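Residue numbering for the sequence shown is -18 to -1, 1 to 116, as defined by mature numbering (1 follows the signal peptide of the UniProt record, and there is no 0).
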Amino acid sequence: MRKILLAAVLAASSFVIAGCAPKPPSQVAISTANYGTLPADYQQQIKNHMTSILKDPESARYTFEPPFKGYSQDGSLSSTGGGVTYGQVVGVQVNAKNSYGGYTGNQLYVFMFANGVMYDSTANFQYGRVKRAP
């Protein structure tokens, strides 16, 4: 009896968890979205942002990846409830010194520029929620 009850609880919980995933945008929404343009000073904007979060910003070495059109979808439990942002996506590898004075190795950060605003989309990227537009 316990095994049957446990199996039923596990099955029900998997349906609940699957129901929490936000619905991805439709192909029509992706193809007709306004991705905007990348600001001319996007690299400087990213460096300015990194200055505020790095322990030793003067030591930072940046390797920018080619920008691309893409979208980022927030998680279903976020304040936007799974909202989608379309824009220009830029990845940057940052190698900077830590508290001990040693370089950390390249760390990937992902930023999105949409409607004149820069968003740090690194967490969404780590969860697979930043996609390249076709």
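For each residue, glycine too, the CB sits at the ideal point set by N, CA and C.
Source: prediction; values computed, not measured.
Expected contact under 8 Å - CB spacing of residue i and residue j to nearest Å
i, j, result
"ASN88", "GLN75", "4 Å"
"GLY69", "MET32", "Not a contact, Cβ separation roughly 19 Å."
"LYS29", "TYR44", "7 Å"
Opposing strand residues paired with residue i [DSSP bridges]
i, result
"THR67", "SER54"
"LEU90", "GLN75"
"PHE95", "GLN70 and MET100"
"VAL112", "SER54"
"TYR85", "LYS79"
Buried or exposed by the 16-neighbour rule on C-beta atoms within 10 Å, applied to residue i
i, result
"SER8", "exposed"
"ASN106", "buried"
"VAL(-3)", "The predicted model places VAL(-3) with a pLDDT of 48, which falls under 50 and marks its position as unreliable; any figure quoted below should be read in that light. It counts as exposed."
"ALA11", "exposed"
"SER81", "exposed"
"SER13", "exposed"
Distance CB(residue i)-CB(residue j) smaller than 8 Å
i, j, result
"VAL92", "VAL112", "yes"
"PHE50", "VAL66", "no"
"PHE46", "GLN27", "no"
"ALA78", "SER34", "no"
"ALA115", "GLY57", "no"
"PRO6", "GLN55", "yes"
"GLY73", "PRO4", "no"
Uninterrupted alpha helix (DSSP H) stretches inside the segment 22 to 53 (no shorter than 4 residues) = 24 to 35
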